Structures are given as C-alpha cells and as structure tokens.
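Enquirer: In the working numbering, the protein residues as written are 1304 to 1855.
#1: Write down the C-beta distance between residue 1705 and residue 1720 rounded to the nearest angstrom, noting that I regard them as a contact closer than 8 Å.
#2: Along the chain, where does the beta strand (DSSP E) that runs through residue 1786 open and close?
#3: Grouping DSSP H, G and I as helix and E and B as strand, with all else coil, what is residue 1775?
#4: Judging by CA-CA distance, which residue of 1771, 1807, 1804 and 1852 is the nearest neighbour of residue 1883?
#5: Measuring CB to CB, does residue 1799 end up less than 7 Å from residue 1758?
#6: Out of 1700, 1687 and 1633, which has the shortest C-alpha to C-alpha gap to residue 1654?
#7: Pull up the DSSP beta-bridge partners for residue 1707, would you.
#8: Can you list, in chain order, the residues of its chain whose CB lies under 7 Å from that of residue 1748, leaving out five sequence neighbours each side?
#9: Terminal residues of the continuous beta strand (DSSP E) containing residue 1345?
#10: Can you grab the Cα-Cα spacing for the pair residue 1611 / residue 1576, in whole Å?
#11: If you reduce the DSSP assignment to three classes, tell me which class residue 1619 lands in.
#12: Mind checking whether residue 1431 and residue 1401 have CB atoms under 7 Å apart?
#13: Any idea what DSSP makes of residue 1466, helix, strand or coil?
#14: Provide the residue span of the alpha helix (DSSP H) that contains residue 1603, from first to last.
#15: Anyone know if the C-beta pair for residue 1590 and residue 1609 falls short of 7 Å?
#16: State the DSSP-derived secondary structure class of residue 1413, mapped to helix, strand or coil.
#17: According to DSSP, residue 1651 sits in a beta bridge with which residue or residues?
#18: CA-CA distance, residue 1521 and residue 1652?
#19: If the criterion is Cβ atoms closer than 7 Å, does the pair residue 1528 and residue 1543 meet it?
#20: Short check: CB of residue 1846 to CB of residue 1404, under 7 Å?
#21: Would you list the residues sitting across from residue 1636 in a DSSP beta bridge?
#22: Assign residue 1689 to buried or exposed, taking buried as 16 or more other Cβ atoms, counted over all protein chains shown, within 10 Å of its Cβ.
#23: What residues match up with residue 1656 in a beta bridge as DSSP calls it?
#24: Pull up the distance between the alpha-carbon of residue 1448 and that of residue 1824, whole angstroms please.
#25: Using a Cβ-Cβ cut-off of 6 Å (strictly less than) and excluding sequence neighbours within five positions of residue 1357, which residues of its own chain qualify?
#26: Within the continuous alpha helix (DSSP H) that includes residue 1665, where are the two ends?
#27: Could you check what DSSP says for residue 1837 in three-state terms: helix, strand or coil?
#28: Helix, strand or coil for residue 1581, going by three-state DSSP, please let me know.
#29: Is residue 1550 helix, strand or coil when you go by DSSP?
#30: If you draw a straight line from the C-alpha of residue 1684 to the C-alpha of residue 1598, how long is it?
#31: Compute the distance between the beta-carbons of residue 1462 and residue 1423, then report whether it is under 7 Å.
#32: I think residue 1530 touches residue 1730, with their Cβ atoms under 8 Å apart; what is that distance to the nearest whole Å?
#33: Please list, in chain order, all residues of the same chain as residue 1439 whose beta carbon is under 8 Å from its beta carbon, the five residues on each side excluded.
#34: Quick check on residue 1331: does DSSP put it in helix, strand or coil?
#35: So residue 1430 is in the beta strand (DSSP E); what residue range does that whole segment cover?
#36: With a CB to CB cut of under 6 Å and the five nearest residues on each side skipped, what residues in its chain are close to residue 1675?
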C-alpha cells in the first residue's frame, strides 16, 4: 500500500500537466465559457472575506481551497454576468484568471506569505488555466511559473537548527514550472474527493496561518473534504482529511548535512463547526503529522496517525521501546481556533492556538500549556462610506517564539526550537525550502495593522508591520542581555489596487528599516556602548489579473 500511495502522489503532477494539453485542445475551440475565480488567489480570498462582513456568512474561511467557489454576489463583481457557467451539452468549462506578478527587493529579503520565494532582485510569477466539469468529475489545471534573479547577499548565520528554511535558492538565477493550483475531483453534494497540488489554508488568519497557507509551493496530496458547509440539525460542519508528500529543496543550506535524503509523508485533518444557535460563530480543530517515508509502517495507524491519542504516553503504547518512537521520526502540530463574525457591526474577531509537541499526559498539558506553543489573533472592521465604499481596519498578531520555560524544561539546550521545526524531522514543516504555514520565517513574531479605503477590488491604504526575526535562534546564540540586539524590521507599506473593466492592477511599495540587521554590530560599536547595524531597504510589487467575460 505504501508503494501505491507514493506512486499516486508522485504521478499527480505528471498527469495534471498532460491533462492541461488535453483540456485545451478539446474545449478551447468548441465551448462557451465563464469566469471561475479561485479563492486560492489572494485578491479573491480577501474580497470574499470582506464580503462576509457585509452580507454572507455561509463560508467560514477557516478552511480555504480553490474548490470553494465564490459567492454569487462576488462573482457579479468579477464577471458582471451573474452566473458562473453557461450550460453547453452535459459539461461545463471556464477559463481561470491570468495572473502576472513582478517584485523587486533592493538590499535584502523581506519574508511574508506569498506565492513568491525569498529573493533579492527581480522576481516574476505567471499563472493561468482552465476548469472543466463533466457530471461529478471536475478537473482544474492552473500551472505556475516562477523566475527569480536570486542575487547574492550576505545571509548571515543559520536561522533555525530544525527547519529547512531557505533565504536563497541555490546559486545563480532560479526558475521553476509547477502544477500550481491543479486538481482532479469527484464531487457529490457537499463532499469531494480527489488528488490535488493546490495550496491549502487552514485557520482564521488574514496575513498568516499556523499550519497551512499560500506561502509554500503546493504539494501533492489526496483529499477528502467538504466543498461547502454541510448543514445538520446542530448547525454546519466543514472538514478535510489529506494524505500528502512533502519534499526537501535539494539545495544547499546551513543544515544540509543534517537532512535526510527522503520525502516526508503528511497526514492532516481539519474540522470546523458552526453552531446553529450562534450565527456567525465558528470553532474548529486541526491536526497534522509528518514522518520520513522510509520510517513509516504499513498499518492503519501509520497512514492515519491523526486518529491516534493526544497524549504521548498513549502513543508510546504502540512501541515496545520508547526510543523507537523518536527513531520513527513522527512530528505533529495541533491547533484549535475560533472566529466570530458580527454582520450588524461589520466586524470579525478570531484566535488560533497551537502546540507542536505532544503533552506527555493531561496533567502535563494543564500545568504547562505554553510548551511548544504558537498563537495568532486579529480583527477586521468595516466602516461604511458613501457610494458603496468602506474604510477597512484590520490587524493581526502572530507569536511563534517559544515560551521561556523551554530554558528550564530542557536545561543546557538554551532554546533554538521553533514552531515550524522539531528534532524528529529536521526538515521541519516545510516543502521545498519554504514554510507551510507562517511566511515570516521560523520563530519570528509579527504585528500587523492596516487601514484602507475599499470598494470591491479597489483599495487605497497603508499597512504597518513590526517583524521580530527568528527569536529562538537568537536566544540560543546570544546571552540576553548581550551586545547584539534583537533583529527587528519596522515597515510601512503603501497599497493601491484598482479595477479597469476586466483588468485588476494590484500594487504595493514596502519601506523597511531593519534594526540590528542580522544581529550585526555597527563598525563604531563598543562593549560599553553597543550599537547595532541598521539597514534600509525597499520592496515593490505589482500584479496584473485579467478576468475573462462569458461569451454571449
């Protein structure tokens, strides 16, 4: 069974590329088409979320994939035709938006959740595709192409001992062609099953997510999920179970010699409940396991560890020698989250809390809940303005830094652990050198606040961020207090998005002042009067999204 699963996951990308050609030949010249916008596009996802504060709470967005189509009133903004598909014979087809994105970073990289990679210099991204369905069968092919200048810069010391987090992708320019947001599915009612390379977003975060976001390249996975809320007498339920394969980058990094040359098996589950008696309130839980493929067994528990016990002492019952548990190389993350939407106030609040390491038992979980934890919280508020416009105020706080009790719990280690990585799996929760969840890098904390005038896809605003970089490795490397101050980025980003008929232009310019850059000391620093090295950089980005109209 293990061999079969690896073959299915490995061939997903190959067959999706072949299907792209077939769909294009069969459908392009024979069918009428309509606009179908994937909510995996950040602009569409943001508009959906904005729309929820005005009218629609049918989708909680604690689980987001491209198979979740846009609400009808949002679709009218996109195509201005009021319908997703025009029925032609027994099947349907639509062109996906064409997306072109360019970015420039002047002196250093600035990490964030993005389809792009960490890169100094110019970088370009392109995506387009088709969506087709025949009865319960649907096929979406939306490949992605990335080119990065990948200029040389001083990356300093390693940023994590247990995470393959790449700040530079190899030597020379970097380019890759990926299946992107592609999938093959069978759907019935509220449920769907299939194979996919789409990005996944779990949790309520707007700018970051603890488990899965749009940050890393999409990975091959099998999925069983709801594609819309399943209504019951208790309220609504949504969920997803995935079986996937994560890969290393194969590129040089400060910890390359510590990494196994092996793919990782990933198993995850996400369940969200919306109580019938509390409109707009959602509560959910997610659990993810990863393990090197060569150490995974072939039992049900090996393929679905997500259904195992939450306490480490229960998990150890499956192993004659407790040391075998660590040698098996399993690593897990567990999160719980809530989100509340008040349509009358046009506001939302949310919170997510996660643990990376199992508690030994319930007593340990109660006495030491902050061990190996991370959390985020935020809000979103709309203030109505004339002409169907609004002023949007939103903020979010992400905390990945380990609690200080790790210094007592593991004396002599001196920190160095982080939410995105653990010793059993030295790659950490990454895929091809990128973190699956938070885009700001391992053990970094960030606070974000944004204010903007918004109207549909149009936006004019400013965003401020304070990014405290790689706190756990700082704790391990330097005594606190030390001459080397904490590396903190203070940034101000100007946002400007506008729609011209079928064309959406989205742009931003980010001005970043890095304090104590790379924890370096200034040339005139002295032990008596330490002074950090500061660096000012500019990061600009512009994207073009073309939306197809439906043929008349």
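All C-beta atoms, glycine included, are put in the ideal place defined by N, C-alpha and C.
Note that the coordinates shown come from a computational prediction; the quantities given were computed from them, not determined experimentally.
Expert: The answer reads as follows:
#1: Sure, about 5 Å apart at Cβ, within 8 Å.
#2: Per DSSP, residue 1786 is not a residue of any beta strand (DSSP E), being assigned neither H nor E.
#3: Three-state result, residue 1775: helix.
#4: Residue 1883 cannot be examined here, being either before or after the span of the chain that is shown, 1304 to 1855.
#5: No Cβ-Cβ contact shorter than 7 Å links residue 1799 with residue 1758.
#6: Measuring from the Cα of residue 1654, the nearest candidate turns out to be 1700.
#7: Residue pairing by DSSP places residue 1707 opposite no residue, since no beta bridge is assigned to it.
#8: Here the set comprises 1701, 1702, 1703, 1704, 1771 and 1774.
#9: Careful: residue 1345 lies outside any beta strand (DSSP E), inside the alpha helix (DSSP H) at 1345–1355.
#10: Inter-residue distance for residue 1611 and residue 1576 is about 21 Å (C-alpha atoms, whole angstroms).
#11: The three-state reading of DSSP puts residue 1619 in helix, counting H, G and I together.
#12: A contact, by the Cβ cut-off of 7 Å.
#13: Looking at residue 1466 - three-state DSSP - the assignment turns out to be coil, as it is neither helix nor strand.
#14: Counting along the chain, the alpha helix (DSSP H) containing residue 1603 begins and ends at 1603–1606.
#15: Yes, the Cβ-Cβ distance between residue 1590 and residue 1609 is below 7 Å.
#16: Coil, per DSSP.
#17: Answer is 1644 and 1683.
#18: For residue 1521 and residue 1652, the distance between alpha carbons rounds to 28 Å.
#19: Judged by their CB atoms, residue 1528 and residue 1543 are nearer to each other than the 7 Å cut-off.
#20: In this structure, residue 1404 lies closer than 7 Å to residue 1846 by Cβ.
#21: Beta-bridge pairing links residue 1636 to 1591.
#22: By the 10 Å Cβ count, residue 1689 comes out exposed.
#23: Residue 1656 has 1639 and 1678 as its beta-bridge partners, per DSSP.
#24: Looking at the two C-alpha atoms, the distance is approximately 39 Å.
#25: Excluding the 5 residues flanking it on each side, residue 1357 has no same chain C-beta neighbour closer than 6 Å.
#26: That run of the alpha helix (DSSP H) goes 1665–1670.
#27: Coil, per DSSP.
#28: Of the three classes helix, strand and coil, the one that applies to residue 1581 here is coil, per DSSP.
#29: Annotated three-state conformation of residue 1550 is coil, per DSSP.
#30: Between residue 1684 and residue 1598, the C-alpha separation is close to 48 Å.
#31: Annotated as distal: residue 1462 and residue 1423, with beta-carbon spacing of 7 Å or more.
#32: The beta-carbon separation of residue 1530 and residue 1730, rounded to 31 Å, does not stay under the 8 Å limit for a contact.
#33: Around residue 1439: 1489, 1490 and 1491.
#34: Note that residue 1331 scores 36 on pLDDT, short of 50, meaning its location in the model is unreliable and no value can be drawn from it.
#35: Element bounds for residue 1430: 1424–1437.
#36: So the qualifying residues of the chain are 1658, 1659 and 1660.
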